[in-house]
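A.B. asks: If you scroll down you'll find the structure; I have some questions about it.
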Amino acid sequence: MTRRAPTSEAPRGPVAGRRVTLFSIVTVAFLALFLLMVVVLLATDLWYTDAKSFREALASREVLHALWLSVFTSLVSVALIVLFAVPVGYALSRYRFPGHALVEALVDLPIVLPPVVIGLSLLVFFSTEIGQWIQRNWIEFVYSVPGIILCQFLVSASFGIRAAAAAFDSVDRRLEDLALTLGCTRGQAFWRVTLPMARNGIVAGAIVAWAHAVGLFGPLMIFAGTTRMHTEVLATTVQLELSIGRIEVALAVAMIMLAAASVALVLVHALTRSRRGWTT
Amino acid sequence: MIRVRGLHLRIGAFALRDLSLDVAQGDYFVLLGPTGSGKTLFIECLCGLLRPDAGSVEIGGRDVTALAPRLRGVGYVPQHQGLFPHLTVEDNIAFPLRSRRLPRAVIGERLAPLVDLLGIGHLLGRWPAHLSGGERQKVALARALAPRPDVLLLDEPVSALDESSRERLCRELRRIHEELHVTTLHVSHSVEEALSTGNRAGVMNDGQVVQAGALTDLLRRPASEFVARFFRTENIIPAEATPLPDGGSELAFAGHRLTIQGKHEGPVTFVIRPESLQVLPTTADSEVTRHASRVTNSVPALLNHVSDRGLYRRLEFDAGLPLIAFSTLPAEAFQAGQSYLVALPAEAIHVLP
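If you want it as structure tokens, here you go:
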């Protein structure tokens with residue numbers, strides 16, 4: 027389905043006509059100012075690095091491995107986050123239970139906590155009896171690739187859950203109920219009515235979560251380590267190169283991250299545009 | 013058919029209490045009631061969206077009280093229509109058939125005659141947000157009818173529309189019913205809607221069905237003052253009844269005497285619809301007037317006010333107590349401040365039980 031579903035009757039989105047008012051000038055001026063800041067930063071980065079550093083970075087096996095690992099771990103994390111965010115967001119949105127407010131606060135906690143704290147907590151947990159048992163009998167997390175995914179998941183999942191809950195809030199419950207009279211089971215009603223209507227909000231949450239996961243390095247340095255060709259991701263590469271004074275290489279790697287992120291964002295926007303306007 | 017027995021449902025301070033109702037196979041039944049009388053709750057019990065605390069619901073001869081909504085054989089059009097905004101009109105109508113995993117060819121076969129019947133072929137590719145209120149209602153109706161339900165439940169199907177679309181859709185509903193003969197329960201707060209669509213009706217008040225039957229019965233022979241008022245039978249008059257030797261009775265009120273059919277005794281309340289009253293001119297001769305009054309079962313009354321209602325004139329009389337009459341004569345035929353004889357035909361008078 028490539029056609030675009032129109033928005034509901036409530037007028038949202040672009041206003042008709044092109045009247046220039048003081049108000050529109052002010053809002054557009056702020057937009058221009060913000061864009062200027064972003065563009066200036068990008069320009070200075072590009073100006074500071076040189077083609078040689080780029081070539082060096084792209085030719086380096088370590089950097090390429092880190093790039094691949096960044097893409098791989100962040101995608102796995104985001105898949106896990108969506109897998110969790112959909113049922114958790116639905117439960118938070120639709121069910122009221124004792125302690126609901128407390129549960130919401132706990133779900134939000136990783137958003138306000140410094141990410142390093144999560145890495146530290148993970149390290150502490152895996153030094154306990156239970157943690158050790160998991161390490162021995164199940165998956166080895168400490169200083170390993172699964173550890174990277176675990177860190178990214180824990181730090182970023184809240185963004186996905188928050189967005190999914192908000193998206194489900196915006197879906198009219200009555201439509202879900204109505205689907206039951208139109209031959210659906212609860213599960214079918216969710217799959218055919220609620221989920222498609224919440225889709226854009228969930229995708230937006232996944233993008234934010236993914237961005238966080240990709241940029242994460244603090245807890246990884248503590249919990250997953252920064253071993254080259256093993257647990258080094260691009261965000262840690264930037265940090266490592268910086269710490270040994272190779273600013274040009276750090277910037278070149280950062281530019282690679284930026285390019286990858288831009289491609290991903292444009293792709294996601296293009297894929298979800300057909301149904302835009304469903305959720306606020 | 014629908015058969016409800018002893019339905020109880022408590023939600024907060026409101027309750028459906030011991031609600032029973034029968035809608036025969038192929039009937040178009042209009043359930044009337046003021047806002048807040050529990051009509052929507054009742055219809056949600058029928059759909060299975062709400063579980064009653066007690067009582068039973070039978071649809072199409074099956075006890076569906078414990079069944080999930082999808083297994084009840086109901087086609088439900090809620091007040092908000094509930095078109096799925098992420099699906100086109102065609103996908104909306106096909107929705108219940110796809111839920112039942114019918115083959116694509118069967119879906120096409122089912123849709124075509126329905127789309128023709130409702131005249132919505134030109135809307136199939138559109139999105140619900142781009143439809144008018146009347147179009148949306150028709151699409152919702154098509155979607156409810158697509159799985160060929162045993163009963164069709166319509167919750168205030170036309171109340172969101174403007175007056176002319178409302179009349180048009182009521183005629184459509186009537187026509188569709190005559191075509192498909194699907195047992196229909198139409199919930200409404202409008203007497204006009206009931207008169208233009210249904211053949212039988214019930215009146216709900218405070219979580220109970222207080223009277224059900226043929227529409228003409230509800231109109232002419234209300235079972236209570238509430239029903240009389242709901243149908244805007246404005247003349248509700250307390251009187252003293254005395255049985256007459258010929259089998260009829262005499263009603264005395266505000267110094268007037270009327271004869272009616274049937275035996276009644278003691279204090280009673282009678283009703284007569286405003287359109288049943290006849291307004292006669294008086295003469296200066298009081299003896300002639302008295303005689304005319306006896307012959308025509310009428311009372312002398314002073315015309316206080318005339319208001320033009322388009323199709324008819326509403327006349328407010330004072331006959332010791334207020335009497336309202338509707339007349340199709342032009343407004344110039346009446347003069348406020350004049351005395352008239354207002355006839356209350358015996359056969360139009362109904363004494364409340």
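Chains as they are written, first to last, in our numbering: chain A, 27 to 306; chain B, 13 to 365. The beta carbon of each residue, even a glycine, is placed where N, CA and C say it ideally should be.
Measure from the C-beta of A:P222 to each C-beta in chain B and report whether the shortest distance is under 7 Å.
C.D. replies: Cβ-Cβ to chain B under 7 Å: yes for A:P222.
A.B. asks: Within the same chain, show all residues whose beta-carbon is closer than 6 Å to that of B:E70, passing over the 5 residues directly before and after it, in chain order.
C.D. replies: Excluding residues within five positions, the ones whose Cβ falls inside 6 Å are R15.
A.B. asks: Give a yes or no on whether 7 Å exceeds the smallest Cβ distance from A:G227 to chain B.
C.D. replies: Chain B contact via Cβ: absent.
A.B. asks: What's the C-alpha gap between A:L148 and A:I160?
C.D. replies: If you take the alpha carbons of A:L148 and A:I160, they lie about 13 Å apart.
A.B. asks: Taking DSSP's pairing of strands, which residues face B:N247 in a bridge?
C.D. replies: B:N247 pairs with B:I284.
A.B. asks: With DSSP collapsed to three states, give me the class of B:E70.
C.D. replies: B:E70 falls in the strand class under three-state DSSP.
A.B. asks: Tell me, please, whether the stretch 277-289 of chain A touches the stretch 19-36 of chain B by the rule of three or more beta-carbon pairs shorter than 8 Å.
C.D. replies: Flag = no, the stretch 277-289 of chain A and the stretch 19-36 of chain B do not touch.
A.B. asks: With a threshold of 8 Å, are at least 3 pairs of Cβ atoms found where one atom belongs to the stretch 91-98 of chain B and the other to the stretch 141-156 of chain B?
C.D. replies: Yes, the stretch 91-98 of chain B touches the stretch 141-156 of chain B.
A.B. asks: With A:R212 as the anchor, note down where its alpha helix (DSSP H) starts and where it stops.
C.D. replies: Run containing A:R212: R212 to A215, per the alpha helix (DSSP H) assignment.
A.B. asks: In its own chain, which residues sit with a C-beta less than 7 Å from the C-beta of A:V104, not counting the 5 before and 5 after it?
C.D. replies: Once the five neighbours on either side are set aside, the close Cβ partners of A:V104 are A232, A235, W236 and A239.
A.B. asks: Using the Cβ count rule (16 or more neighbours within 10 Å means buried), how would you classify B:E190?
C.D. replies: By the 10 Å Cβ count, B:E190 comes out exposed.
A.B. asks: Quick check: A:A24 and A:I228, are their CB atoms within less than 7 Å of each other?
C.D. replies: Because chain A is modelled from 27 through 306, residue 24 of chain A falls outside the range shown and cannot be assessed.
A.B. asks: Determine, using beta-carbon pairs with one atom in the stretch 82-97 of chain A and one in the stretch 258-266 of chain A, whether at least three such pairs fall under 8 Å.
C.D. replies: In short, these stretches touch, since the Cβ pair count reaches three.
A.B. asks: Listed in chain order, which residues of the stretch 189-204 of chain A have Cβ atoms closer than 9 Å to some Cβ of chain B?
C.D. replies: From the stretch 189-204 of chain A, only D198, R200, L201, D203 and L204 have a Cβ closer than 9 Å to chain B.
A.B. asks: Specify whether the stretch 200-213 of chain B and the stretch 168-177 of chain B touch according to this definition: at least 3 beta carbon pairs, one from each stretch, less than 8 Å apart.
C.D. replies: Yes, since at least three Cβ pairs between the stretch 200-213 of chain B and the stretch 168-177 of chain B fall closer than 8 Å, the two stretches touch.
A.B. asks: Using 7 Å as the limit for Cβ to Cβ distance, is A:V219 near chain B?
C.D. replies: With 7 Å as the cut-off, A:V219 counts as an interface residue toward chain B.
A.B. asks: For B:Q350, count neighbouring C-beta atoms within 10 Å of its own C-beta (all shown protein chains included) and say buried if the count is 16 or more, exposed if not.
C.D. replies: Exposed: under 16 other Cβ atoms inside 10 Å.
A.B. asks: Quick check on B:F346: does DSSP put it in helix, strand or coil?
C.D. replies: Looking at B:F346 - three-state DSSP - the assignment turns out to be coil, as it is neither helix nor strand.
A.B. asks: For chain B, check one thing: does any of its Cβ atoms lie closer than 7 Å to the Cβ of A:C177?
C.D. replies: By this cut-off, A:C177 is not an interface position.
A.B. asks: Kindly indicate which three-state DSSP category A:F123 falls into: helix, strand or coil?
C.D. replies: Three-state result, A:F123: coil.
A.B. asks: Going by other Cβ atoms of all chains shown within 10 Å of its Cβ, with 16 needed for buried, is B:Q273 buried or exposed?
C.D. replies: By the neighbour-count rule (16 or more Cβ atoms within 10 Å), B:Q273 is not buried but exposed.
A.B. asks: May I ask you to list the residues that DSSP assigns as paired with B:D65?
C.D. replies: B:D65 is not bridged to any residue.
A.B. asks: With the cut-off set at 7 Å, would you say B:A360 and B:P286 are in Cβ contact?
C.D. replies: No; because the gap between Cβ atoms is not below 7 Å, this pair is not in contact.
A.B. asks: Could you check if B:I23 is buried or exposed, using at least 16 other CB atoms within 10 Å of its CB as the buried criterion?
C.D. replies: Exposed: under 16 other Cβ atoms inside 10 Å.
A.B. asks: With a threshold of 7 Å between beta carbons, is B:S111 in contact with chain A?
C.D. replies: Yes, B:S111 counts as interfacial toward chain A.
A.B. asks: Can you tell me the Cα-Cα spacing of A:W217 and B:R116, whole angstroms?
C.D. replies: The alpha-carbon atoms of A:W217 and B:R116 are separated by roughly 20 Å.
A.B. asks: Under 7 Å Cβ-Cβ, which residues of chain B neighbour A:G209?
C.D. replies: What A:G209 touches in chain B: R82, P108, S111, R112 and P159.
A.B. asks: Taking all protein chains shown into account, decide if A:D203 is buried (16 or more other Cβ within 10 angstroms of its Cβ) or exposed.
C.D. replies: So A:D203 counts as buried.
A.B. asks: Taking C-beta to C-beta, are A:I187 and A:A111 nearer than 7 Å?
C.D. replies: Yes, Cβ-Cβ distance for A:I187 and A:A111 is below 7 Å.
A.B. asks: DSSP state of A:R302, grouped into three classes?
C.D. replies: Here the model assigns A:R302 a pLDDT of 40, short of 50, so the residue's position is not dependable, and the following value carries that caveat. Note: A:R302 maps to coil in three-state DSSP.
A.B. asks: Identify, in the order they occur along the chain, each residue of the same chain with its Cβ nearer than 6 Å to the Cβ of B:G87, setting aside the five sequence neighbours on each side.
C.D. replies: Only A156, L157, P161 and L164 meet the Cβ criterion.
A.B. asks: What are the residues in the stretch 41-73 of chain B lying within 7 Å of chain A by C-beta distance?
C.D. replies: Under the 7 Å Cβ criterion, the stretch 41-73 of chain B contributes C59 and L61.
A.B. asks: Classify A:S288 as helix, strand or coil using the three-state DSSP reduction.
C.D. replies: Helix.
A.B. asks: Going by beta-carbon coordinates alone, are A:V133 and A:S182 separated by less than 7 Å?
C.D. replies: No, they are not a contact pair.
A.B. asks: Do we get a CB-CB distance below 7 Å when we pair B:Y88 with the residues of chain A?
C.D. replies: Judged by the 7 Å Cβ criterion, B:Y88 is in contact with chain A.
A.B. asks: Based on the DSSP output, what are the partners of B:F338 in its beta bridges?
C.D. replies: B:R326.
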